[in-house]
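Trainee: A single structure is presented below for examination.
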Amino acid sequence: CTAVRIPTARAHSESIVALFDKEVDVAEARKVLGDSPGVKLVDNPDKLEYPMPLTATGQYDIEVGRLRKSIAFDNALEFFVCGDQLLRGAALNAVVVAEAMVENGALKAKKVAA
Numbered sequence: 012c013t014a015v016r017i018p019t020a021r022a023h024s025e026s027i028v029a030l031f032d033k034e035v036d037v038a039e040a041r042k043v044l045g046d047s048p049g050v051k052l053v054d055n056p057d058k059l060e061y062p063m064p065l066t067a068t069g070q071y072d073i074e075v076g077r078l079r080k081s082i083a084f085d086n087a088l089e090f091f092v093c094g095d096q097l098l099r100g101a102a103l104n105a106v107v108v109a110e111a112m113v114e115n116g117a118l119k120a121k122k123v124a125a
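If you count by this note's numbering, then the sequence shown holds residues 12 to 125, one letter each, in order.
In structure tokens form, the structure reads like this:
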């Protein structure tokens, strides 16, 4: 498991352990995350490139990296994320989700009684 505690001006970081019903393929997870809108995959240990509050500050995308299978839990993936909490917080995420729901038909305008 990972533990990090550092002061930052405006970025929020989390170490996440995601549990699944089936075994996780780290390469597939890396591809899915890299192809996801709003996510910037920063996971190049050979070049010491990882998600960091300093590099996440000032951008809308969330940095994700340090992907690895969990050694503590079966069928689990561990990763680290950083995001600018002023640019990509709960309010913006709610708008992004609502826009996606309108686009896929899950959210429709409410009819007003005359």
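Positions of the beta carbon are idealized from the N, C-alpha and C atoms, including for glycine.
Report yes or no: do three or more beta-carbon pairs, one from the stretch 27 to 41 and one from the stretch 70 to 89, lie closer than 8 Å?
Mentor: With the cut-off at 8 Å, the stretch 27 to 41 and the stretch 70 to 89 touch.
Trainee: Quick one: what does DSSP say D95 is sitting in, helix, strand or coil?
Mentor: As a first step, residue 95 must be located in the sequence shown, where it is residue number 84. Strand.
Trainee: Expressed to the nearest angstrom, what Euclidean distance is found between the alpha-carbon atoms of K51 and N86?
Mentor: Counted from its first residue, the sequence shown places residue 51 at position 40. Counted from its first residue, the sequence shown places residue 86 at position 75. So the alpha carbons of these two residues sit roughly 24 Å apart.
Trainee: Straight-line CA distance for Y71 to A120?
Mentor: On the sequence shown, residue 71 is found 60 positions in, with the first residue counted as 1. On the sequence shown, residue 120 is found 109 positions in, with the first residue counted as 1. C-alpha separation (whole angstroms): 28 Å.
Trainee: Assign E89 to buried or exposed, taking buried as 16 or more other Cβ atoms, counted over all protein chains shown, within 10 Å of its Cβ.
Mentor: Here residue 89 corresponds to residue number 78 of the sequence shown, with the count starting at 1. So E89 counts as buried.
Trainee: Exposed or buried, which one is P56 when buried takes at least 16 other CB atoms within 10 Å?
Mentor: Reading the sequence shown from its first residue, position 45 is the one you call residue 56. Exposed is the call here.
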